[in-house]
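Residue numbers (my numbering): 127 to 646.
Think of the CB as a built atom: it goes at the ideal place given N, C-alpha and C, for glycine as much as any other residue.
First comes the structure, then the notes that go with it.
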């Protein structure tokens, strides 16, 4: 029996947390961006009650206790393709560090400032969820309502019963079974949120599996959360988010429309996938996504310091925005992600972890609330440690950057952590493989999947992909007794076998992009 540390899948989970697809985690392109100097510090007050206290008053000065973190931050920036990185740290309800490094424009002539706006990707989701939870607070909708009850105008063309099965709770907790259809290059007109939902989406969307069978990340869940919220209001979704959520929390420079960001004037360009060409290159503002349909799932613009206002709300509350009872639902363990040996769960737009593992294998058992975000050219991470009243947000201007070394440095040098313990580890027990042997079907995507066992190895055959010209490696690599990797055309895809009943034979083969159900 082999044991594998679950940090092996940290990269895969980072992708799941993003707003993009399951592309390789390496940053697009080659070479690191020039670092440049610090851009300054953002002083943030406002209605949220978060202020900068000790974050440094000069453009490139800070308390020396932040030096290990800054060293790690600069090293991660040098190893990335990002034009710059902006960060804020909150301790005990006060912002104690808010600085930016690098540039905000492609030619490197303007320094990135802590007040410079950047896209935060799927970190948007928890904010989107709060707007709908406000409607639950008001009695306008129930978490148990089905889509048929809450949005009767929506009918899925593939099966008219699907909307009867999906409940509001399933959307917020990523348990709907809806396929992850993501649209980047759509209209910025506010009306596109509803028109695409009732049009193209209703025609082409499908359920990969019954709701609540298991957790599986899908951007349309939170698109529909946005549609539901707008449907219960008279305002456009970006306006109700601003008036009901952002402004009451002091997030006065958090925007959902790119036009508002341009009007603000202080925003960052980036590096990633250009909408106009599909090439990986420096990205000017014109080439940054602004699809009104995708906004609820991950296109907010803000700053790390503004996100500290958000973190303070999540950890401490603000009953003028949301009742404490419903706020607790954001960080409740609603669904096991089936990663991390039972230590990684999902709340409402939030990953809810039972500990934190550093890159060197130290594991600290404690509540950790976090969510990353990837757009086509920005990467964001937000971590909250409620027991320590600590939060950190790091936003970078490139797709798929890895600043986990910086998070490690911040937590281990600034936070009073519990004693480190043994990290949970995956177990590989070939005697359990027999539960997975059989034939599975995915009528919407990969077709038939045949799993067989040869000794201590599982093999896979995907005849429909073979016929379509794909090269499928027949040997599966076991990460645990249930999690495996298949190589298709040289690209690795993880999938998890899921039983209908604990200890029984596997009923589903789960990947973010496809789900196959046992047929024999």
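7 Å Cβ shell around residue i - same chain, five flanking residues per side excluded
| i | result |
| --- | --- |
| residue 547 | 489 and 491 |
| residue 622 | 464, 608, 609 and 636 |
| residue 556 | 582 |
| residue 382 | 364, 367, 421, 425 and 426 |
| residue 476 | 252, 456, 457, 495 and 497 |
| residue 283 | 328 and 329 |
| residue 335 | 303, 634, 641 and 643 |
| residue 338 | 296 and 301 |
| residue 514 | 541 and 542 |
| residue 180 | Summary for residue 180: the model assigns pLDDT 31, below 50, so the residue's position carries little reliability, and this model does not support an answer. |
Residues of its chain near residue i, where Cβ-Cβ distance is below 8 Å and the 5 sequence neighbours each way are ignored
| i | result |
| --- | --- |
| residue 401 | 310, 311, 413, 414, 415 and 502 |
| residue 277 | 289, 350, 353, 354 and 357 |
| residue 512 | 441, 457, 493 and 495 |
| residue 281 | 289 and 328 |
| residue 591 | 572, 573, 598 and 614 |
| residue 589 | 573, 574 and 576 |
Identified DSSP bridge partners for residue i
| i | result |
| --- | --- |
| residue 333 | 304 |
| residue 618 | 613 |
| residue 603 | 611 |
| residue 478 | 471 and 495 |
| residue 408 | 397 |
| residue 217 | 220 and 516 |
| residue 625 | 632 |
| residue 428 | 244 |
| residue 522 | 211 and 505 |
| residue 444 | 448 |
| residue 483 | 489 |
| residue 327 | Answer by DSSP bridge pairing: none, since residue 327 is not bridged. |
| residue 462 | 471 |
| residue 598 | 614 |
Terminal residues of the beta strand (DSSP E) in which residue i lies
| i | result |
| --- | --- |
| residue 495 | 489-500 |
| residue 110 | A query on residue 110 cannot be resolved here, the shown segment of the chain reaching from 127 to 646 and no further. |
| residue 508 | 505-511 |
| residue 192 | Element bounds for residue 192: n/a, residue is neither H nor E. |
| residue 471 | 470-472 |
Residue environment, residue i, which counts as buried when at least 16 other CB atoms sit within 10 Å
| i | result |
| --- | --- |
| residue 618 | exposed |
| residue 286 | exposed |
| residue 352 | buried |
| residue 627 | exposed |
| residue 153 | Only weak support exists for where residue 153 lies, its pLDDT of 27 falling under 50; the coordinates are left without a value. |
| residue 233 | exposed |
| residue 536 | buried |
| residue 516 | buried |
| residue 207 | buried |
| residue 242 | buried |
| residue 593 | exposed |
| residue 260 | buried |
| residue 532 | buried |
| residue 483 | buried |
| residue 226 | buried |
| residue 534 | buried |
| residue 331 | buried |
| residue 506 | buried |
| residue 645 | exposed |
| residue 403 | exposed |
| residue 638 | buried |
| residue 224 | buried |
| residue 317 | exposed |
| residue 323 | buried |
| residue 662 | Outside the displayed range of the chain (127 to 646) lies residue 662, so it cannot be described from this structure. |
For residue i, the first and last residue of its enclosing alpha helix (DSSP H)
| i | result |
| --- | --- |
| residue 583 | It is not in any alpha helix (DSSP H) - residue 583 instead sits in the beta strand (DSSP E) that spans 583-587. |
| residue 340 | Careful: residue 340 lies outside any alpha helix (DSSP H) and carries neither H nor E. |
| residue 365 | 363-367 |
| residue 374 | Per DSSP, residue 374 belongs to no alpha helix (DSSP H) and is neither H nor E. |
| residue 357 | 346-357 |
| residue 322 | 318-322 |
| residue 385 | 384-390 |
Own chain residues within Cβ distance below 6 Å of residue i, not counting five before or after
| i | result |
| --- | --- |
| residue 640 | 568, 571 and 572 |
| residue 443 | 450 and 453 |
| residue 314 | 416 and 418 |
| residue 250 | 424 and 426 |
| residue 165 | Note that residue 165 has pLDDT 38, beneath the 50 cutoff, so the model's placement of it is unreliable and the number below is only indicative. 226, 237, 238 and 239. |
(request) Jot down the residue ranges of each uninterrupted beta strand (DSSP E) in the stretch 529-579, minimum 3 residues, whole runs only, in chain order. (result) 551-554 and 564-568
(request) Quick one: which unbroken alpha helix (DSSP H) runs of 4-plus residues sit fully inside the stretch 222-303? Chain order, please. (result) Counting whole runs of 4 or more residues, the stretch 222-303 contains the alpha helix (DSSP H) stretches 250-263, 273-276, 288-291 and 294-298.
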